[in-house]
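Order-wise, the sequence lines are chains A and B.
Going by the numbering used here, the first sequence opens with residue 392, and the numbers climb by one from there.
Going by the numbering used here, the second sequence opens with residue 572, and the numbers climb by one from there.
We put the beta carbon where it would ideally sit given N, CA and C, even for glycine.
Here's the structure we're looking at; comments come further down.
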Amino acid sequence: MMDLMVTPAHYVMLAAILFGLGAFGALTRRSGLMLLMCVELMLNAANLVFVAYGKQYGDTGGQVIAFFIMAIAAAEAAVGLAILIGVFRTRLNLDVDDLTSLRDEV
Amino acid sequence: MLASVLFYFGAAVLLVAAVFVISAKSPMRSAMALIVALCAQAFLYVLLDAAFVAAMQVLVYAGAIMVLFTFVIMLLNMQAEHQTQRSLLSFSRLGGGIAIGYFVWRIISSVTHADSKPVDGSVLAIGKLLLSDYLFAFEAISIVLLVAVIGAVVLGLKRLT
């Protein structure tokens, strides 16, 4: 029966899987928008770890940090989407494989 | 017992939605799946005694941020990625998948189980912490948000000279 008990460690395992999914998506999808959404998934995994460990140690600080990550995610989404719109305006697609104009010519 | 059933339910919804996010062809479907995933995570926050964080998750994440995403998707009239159809088992994809899988497995095998303690997730407790222990970070994050708003406006201007 003890095995069925859910401890905060289970939430950390779930967050690890979620982070892995987000990282895999960020590496394999080519649209810039999908990249941003996968980054949101990874940030959420980090959030889940903070809240879970806050529960494990009985500390509200974990939840406060989760708020800060939410604020950072909002800032990232605003700036990232503004950049994507700028990219779309000049190139008419968002394929991140094509964004090579800053790459050093060798 | 009920708590573990609820946990596995929320975790299953979250993982299925996350898989759909990274596998859906059209960005709009990914965004909708991401909203489901974020709401499932808010459900898990409630199970972790973080009711206020859960409310903010729904309001800020599933509400504000995802509205921004769907707005941009509709504004740009994005079609599904026209893949040059790389095979699903290309070498780089396989290698990256194995590396990430190893990373996840290392985390999963290294966590130690410990009993949870009661934690106060009320607005009062969080507000007190925000204005005492985390006061500097609180002020810094407000400046970061201000800079992000100004930056987004500048980036969105018609002509950058």
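What number of angstroms, rounded off, separates the C-alpha of B:Leu701 from the C-alpha of A:Ala414? Taking the second sequence and counting its residues from 1, the one referred to as residue 701 of chain B is at position 130. Taking the first sequence and counting its residues from 1, the one referred to as residue 414 of chain A is at position 23. Computed Cα separation, rounded: 31 Å.
Taking a Cβ distance cut-off of 8 Å, strictly less, list which residues of the stretch 674 to 685 of chain B are near chain A, in chain order. Phe674, Val675, Ile678, Ile679, Val682, Thr683, His684 and Ala685
Are the stretch 440 to 457 of chain A and the stretch 615 to 624 of chain B touching by the rule of at least three beta carbon pairs closer than 8 Å? yes
Is it buried or exposed for B:Met645, if we count other Cβ within 10 angstroms and need 16 for buried? Working through the second sequence from its first residue, we reach residue 645 of chain B at position 74. Result: exposed.
Beta carbon of B:Tyr705, beta carbon of A:Val442: below 8 Å? Here residue 705 of chain B refers to the residue found at position 134 of the second sequence. Here residue 442 of chain A refers to the residue found at position 51 of the first sequence. Contact annotation: B:Tyr705 and A:Val442 have beta-carbon atoms that are not nearer than 8 Å.
Less than 8 Å between CB atoms is the rule here; does A:Met461 satisfy it with respect to chain B? Taking the first sequence and counting its residues from 1, one reaches residue 461 of chain A at position 70. Yes, contact with chain B.
Apply the 10 Å Cβ neighbour rule to A:Tyr402 and answer buried if 16 or more other Cβ atoms are within range, or exposed otherwise. Position 11 of the first sequence, counted from the start, is the residue given in the question as residue 402 of chain A. When all chains shown are included, A:Tyr402 counts as buried.
Helix, strand or coil: which one does DSSP assign to A:Asp486? Along the first sequence, one-based indexing puts residue 486 of chain A at 95. Three-state DSSP puts A:Asp486 in a strand.
Does DSSP classify A:Ala473 as helix, strand or coil? Taking the first residue of the first sequence as 1, we reach residue 473 of chain A at position 82. Looking at A:Ala473 - three-state DSSP - the assignment turns out to be helix.
Please state whether the Cβ-Cβ distance between A:Val397 and B:Ser575 is less than 8 Å. Numbered from 1 along the first sequence, position 6 holds the residue referred to as residue 397 of chain A. Numbered from 1 along the second sequence, position 4 holds the residue referred to as residue 575 of chain B. A contact, by the Cβ cut-off of 8 Å.
Out of B:Ala625, B:Phe674, B:Val631 and B:Ala595, which has the shortest C-alpha to C-alpha gap to A:Leu409? Position 18 of the first sequence, counted from the start, is the residue given in the question as residue 409 of chain A. Of the candidates B:Ala625, B:Phe674, B:Val631 and B:Ala595, the residue whose Cα lies closest to the Cα of A:Leu409 is B:Phe674.
Would you please verify whether the beta carbon of B:Leu619 is less than 8 Å from any beta carbon of chain A? Here residue 619 of chain B refers to the residue found at position 48 of the second sequence. At least one chain A Cβ lies under 8 Å of B:Leu619.
Would you call the stretch 585 to 593 of chain B and the stretch 603 to 616 of chain B touching, i.e. three or more CB-CB distances under 8 Å? yes
Should B:Gly672 be labelled buried (16 or more other beta-carbon atoms within 10 Å of its own) or exposed? Within the second sequence, numbered from 1, the residue matching residue 672 of chain B stands at position 101. Classification of B:Gly672: exposed, given that the 10 Å Cβ count is below 16.
Less than 8 Å between the beta carbons of A:Leu472 and B:Leu717, yes or no? Here residue 472 of chain A refers to the residue found at position 81 when the first sequence is read from its first residue. Here residue 717 of chain B refers to the residue found at position 146 when the second sequence is read from its first residue. No, Cβ-Cβ distance for A:Leu472 and B:Leu717 is not below 8 Å.
How is B:Leu586 classed by DSSP in three states: helix, strand or coil? Taking the second sequence and counting its residues from 1, one reaches residue 586 of chain B at position 15. DSSP, reduced to helix, strand and coil, places B:Leu586 within a helical segment of the structure shown.
Positions along the stretch 423 to 439 of chain A whose CB lies within less than 7 Å of some CB in chain B: Leu424, Met425, Met428, Cys429, Glu431, Leu432, Asn435 and Leu439
Alpha carbon to alpha carbon, how far is B:Met572 from A:Met392? Give it in angstroms, no decimals. Counted from its first residue, the first sequence places residue 392 of chain A at position 1. Counted from its first residue, the second sequence places residue 572 of chain B at position 1. In this prediction, A:Met392 has a pLDDT of 44, which is less than 50 and means its spatial position is unreliable; nothing more can be read from the coordinates.
Given that a residue counts as buried once 16 or more other Cβ atoms are within 10 Å of its Cβ, and exposed if not, what is A:Leu405? Your numbering for residue 405 of chain A matches position 14 in the first sequence. With 16 or more Cβ atoms within 10 Å of its Cβ, A:Leu405 is classed as buried.
Is the distance from the Cβ of B:Val564 to the Cβ of A:Met461 below 8 Å? Coverage of chain B is limited to positions 572 through 732, which leaves residue 564 of chain B absent and any answer about it impossible.
Top-ranked residue by Cα proximity to B:Ser742, from A:Thr491, A:Asp495 and A:Asp450: Nothing in the structure corresponds to residue 742 of chain B, since chain B is present only between 572 and 732.
DSSP has A:Ser422 in a bridge; who is on the other side? Position 31 of the first sequence, counted from the start, is the residue given in the question as residue 422 of chain A. Note: A:Ser422 sits in a beta bridge opposite A:Asp486.
Contact set between B:Gly692 and chain A, taken where Cβ atoms lie within less than 8 Å: By one-based count along the second sequence, residue 692 of chain B stands at place 121. Residues of chain A passing the Cβ test: Thr451 and Gln454.
Using the rule of at least 16 other Cβ atoms within 10 Å of the residue's Cβ for burial, across every protein chain shown, is B:Gly692 buried or exposed? Taking the first residue of the second sequence as 1, we reach residue 692 of chain B at position 121. Its Cβ being crowded by 16 or more others within 10 Å, B:Gly692 is buried.
Please compile the residues from chain B whose C-beta is within a distance smaller than 8 Å of the C-beta of A:Thr419. Start at 1 with the first residue of the first sequence, and residue 419 of chain A comes out as number 28. Chain B residues near A:Thr419: Ile593, Arg664 and Gly667.
Compute the beta-carbon to beta-carbon distance between A:Arg482 and A:Asp489, rounded to the nearest angstrom, for a pair I have assumed lies under 8 Å. As a first step, residue 482 of chain A must be located in the first sequence, where it is residue number 91. As a first step, residue 489 of chain A must be located in the first sequence, where it is residue number 98. Yes, they are in contact, since the Cβ atoms of A:Arg482 and A:Asp489 sit about 7 Å apart, within 8 Å.
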